[in-house]
Amino acid sequence: GESVGLHLPTLSVQEGDNSIINCAYSNSASDYFIWYKQESGKGPQFIIDIRSNMDKRQGQRVTVLLNKTVKHLSLQIAATQPGDSAVYFCAEKTNNNDMRFGAGTRLTVKP
Amino acid sequence: KAGVTQTPRYLIKTRGQQVTLSCSPISGHRSVSWYQQTPGQGLQFLFEYFSETQRNKGNFPGRFSGRQFSNSRSEMNVSTLELGDSALYLCASSLAAGSSYEQYFGPGTRLTVT
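Protein chains in written order, with the working numbering: chain A, 34 to 144; chain B, 76 to 189.
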């Protein structure tokens with residue numbers, strides 16, 4: 034899990050395993066959620082998004098799950114590869130139309 | 076298609092000075108948003124511009140300002156710099172404003188205030 038503005042949680046997985054990164058968002062009125070990946074020295078890169086009228090969305094090797102009841106978002110990465118090592122952020126678009134980001138989770142993939 | 080570009084990439088300023096950062100969005104993108112990223116506070120939204128108008132503003136003091144030009148390029152300005160303004164400033168562009176449009180981030184400008 035992660036806390037906005039505090040420490041950076043870490044997740045270490047073995048290459049080929051599945052990764053699950055969690056995020057708790059703050060505003061029950063938020064209607065749009067995004068996962069970003071940020072590698073060292075680069076800006077965040079869009080991975081996948083989901084709207085509040087959905088509870089699951091799949092991309093290539095990634096799945097986002099949304100549980101509005103407990104305001105929880107997760108990112109699942111299948112068959113994690115060394116190139117997946119990065120910091121992953123969730124973001125919510127609030128009813129004021131501004132973006133709020135989680136603190137991020139650092140994913141390390143061990144070969 | 077070229078990505079979002081930000082200049083300069085690195086900048087060192089002293090307290091009390093002012094700074095202007097520049098962002099060129101992806102060609103055809105009309106919305107530009109600015110973010111501040113620090114180890115302590117993470118990524119925080121500064122403001123969003125669309126068609127030369129500020130559409131939305133985050134919770135930052137008035138020392139932080141921005142503008143957008145007719146070609147969609149954007150600048151942000153920070154006046155009377157403080158040590159706490161040291162951060163990575165990220166710009167993101169999208170086709171239009173609102174949540175329907177994917178944002179593409181630039182590499183950021185690393186500002187150090189001494």
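Note that CB positions come from ideal geometry on N, CA and C, so glycine has one too. In this text, all values refer to a predicted model and were calculated from it rather than measured experimentally.
Asked                                                                                                                 : Found
Touch test, the segment 54-68 of chain A against the segment 120-131 of chain A, Cβ-Cβ under 8 Å, three pairs minimum : yes
Assumed close pair Phe-180(B), Pro-42(A) - CB separation to whole angstroms, cut-off 8 Å                              : 22 Å between Cβ atoms; not a contact.
Alpha carbon of Thr-80(B) to alpha carbon of Thr-189(B), nearest angstrom                                             : 25 Å
Per-residue contacts from Gln-143(B) into chain A (C-beta, under 8 Å)                                                 : Those within 8 Å of Gln-143(B) in chain A number zero; the least Cβ separation is about 17 Å.
DSSP bridge partner residues for Val-142(A) (one or two, in chain order)                                              : Val-46(A)
Backbone secondary structure at Asp-64(A) - three-state DSSP                                                          : coil
Residue range of the beta strand (DSSP E) that includes Arg-142(B)                                                    : 139-143
Buried versus exposed call for Gln-47(A) [16 or more other C-beta atoms within 10 Å across all chains shown]          : exposed
Opening and closing residue of the beta strand (DSSP E) in which His-105(A) lies                                      : 105-110
Chain-ordered residues of the segment 72-106 of chain A with a beta carbon less than 9 Å from chain B                 : Gly-74, Lys-75, Gly-76, Pro-77, Gln-78, Phe-79, Asp-82, Arg-84
Cβ-Cβ distance between Ala-162(B) and Gln-129(B) below 7 Å                                                            : no
Secondary structure of Leu-163(B), DSSP reduced to three states                                                       : strand
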